[in-house]
Amino acid sequence: MRIDLHTHSSRSDGTDTPTELVEAAKAASLDVVALTDHDTTAGWDEAAIAGERFGVTVVPGAELSCRLNGIQIHLLGYRFDRAEPEFARERNLLRDDRERRAELIVQRCRELGAPITWERVRQIAGDASIGRPHVASALVEAGVVASVDEAFSSDWLADGGRAYVDKYALDPYRALELLRASGGVAVFAHPAAGRRGRIVTDDQIADLAKAGLRGIEVDHVDHDAAARDRIRGLAGELGLVPTGSSDYHGGRKTVRIGQNTTAPEAYEALFA
Ligand code: AMP
Ligand code: FE
Ligand code: FE
Ligand code: ZN
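Read left to right, the sequence shown gives residues 2 to 273 (our numbering).
Shown next as structure tokens:
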């Protein structure tokens, strides 16, 4: 069984439609793929239909933007009831604030001399839960930077970078409670991805584990071998299920779908 529990479609900052993403999962010989767009479940129905068509088990999920003591963290939520009103309302708030903030980021980029427009960024995002990668694509298109990765330098979009603007994010304890109340399972995404900004301490992860966190991403492209060993050890200590996943974003990142995978026993334990 090949299992990838973290991917993004064009409903957030990936470039594949949910159908194309499931087709790519099939082509990569995956048996299970989770769709975890940022703060939205808009791709679930299309992905489910594609799952039937291509014979791939689709796990519906979302990657929730959270902030803990000023540190941005991402929680992956799986198989929750998306109709649960309080959680649905929070996802709406998260998406609405992404719009406000993306427009401000574009404004800052323009003030810094980048010839991009809000209209174009909105067009690139389409119906997506908008994010910095859409602005990054506009910066690449305008020839300001050579790649999406370069757009995430401190000159532009990186956390604390010149064009950076904060967005609304959930308290992770509230996110865990919303997930619990809607029947979902929570996994800490890329906890040691230091390249993206500050990371939380082992003690903070231990506290989240006590509050209902079920799993933690070990094998992720932004974790080097030392980080993987460390997080795997921590998972063992805290009784968290270790997962692995690609964090596939289609053409916006170089990572391939299925590049990292979750062991079948871990998958079973997560959804038992
Ligand atoms: P946002 O959700 O708008 O704050 O943007 C965060 C997203 O940007 C992440 O989900 C990644 O897809 C992408 N991202 C963050 N840091 C980097 C980076 N250093 N290089 C490329 N993409 C990044
Ligand atoms: Fe992303
Ligand atoms: Fe993430
Ligand atoms: Zn992700």
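Yeah, the Cβ is synthetic: ideal placement off N, Cα and C, and Gly gets one too.
With a threshold of 16 other CB atoms inside 10 Å of the CB of K211, please say whether the residue is buried or exposed.
exposed
Would DSSP call P173 helix, strand or coil?
P173 falls in the helix class under three-state DSSP.
For L171 and C67, which I take to be in contact (beta-carbon distance under 8 Å), what is that distance rounded to the nearest angstrom?
5 Å
Measuring alpha carbon to alpha carbon, tell me which residue in I74, R196, G184 is nearest K168.
I74
Name the DSSP bridge partner or partners of Y79?
Its beta-bridge partners are G62, V186.
Under the three-state reduction of DSSP, which class applies to D248: helix, strand or coil?
coil
Write down every uninterrupted run of the alpha helix (DSSP H) in the region 102 to 147 whose length is 4 residues or greater and which is fully enclosed by it, in chain order.
119 to 126, 133 to 142
beta-carbon S246 near ligand 1 non-hydrogen atom, thresh 7 Å
no
Roughly how far, in whole angstroms, is the beta-carbon of R101 from the beta-carbon of S130, given that I think they are within contact range, below 8 Å?
Actually they do not touch by this definition, with Cβ atoms about 13 Å apart.
Taking the beta strand (DSSP E) that D38 falls in, what are its first and last residues?
Segment 33 to 39, the beta strand (DSSP E) holding D38.
With a Cβ-Cβ cutoff of 8 Å, do P192 and D14 count as a contact?
no
Since P19 and E47 should fall inside the 8 Å C-beta cutoff, what is the C-beta to C-beta distance between them, to a whole number of angstroms?
Contact flag correct, Cβ pair sits at about 4 Å.
Decide if F153 is buried, meaning its Cβ has at least 16 other Cβ atoms within 10 Å, or exposed.
buried
Taking any heavy atom of ligand 2 as the mark, which residues have a C-beta closer than 7 Å to it, listed down the chain?
H9, S13, D14, H39, G132, P134, H250
Among C110, K254, R215, which one has its Cα closest to the Cα of F272?
Closest by C-alpha distance to F272, out of C110, K254, R215, is R215.
D248, buried or exposed, once every other Cβ within 10 Å from all chains shown has been counted against 16:
buried
Since V23 and D5 should fall inside the 8 Å C-beta cutoff, what is the C-beta to C-beta distance between them, to a whole number of angstroms?
The beta-carbon separation of V23 and D5, rounded to 11 Å, does not stay under the 8 Å limit for a contact.
Give the single residue among A164, G237, A147 whose Cα lies nearest to the Cα of D156.
Closest by alpha carbon: A164.
Checking 8 Å against the spacing of the C-beta atoms, do E104 and W119 come in under that value?
yes
Tell me which residues share the same chain as D223 and place their Cβ nearer than 6 Å to its Cβ, disregarding the 5 neighbours each side in the sequence.
H191, A194, R196
Check R68 in the structure and name its three-state DSSP category.
strand
Which two residues bound the contiguous alpha helix (DSSP H) that contains D46?
45 to 55
Which residues neighbour ligand 3 when neighbourhood means a C-beta less than 5 Å away from any of its non-hydrogen atoms? List them by chain order.
H75, A190
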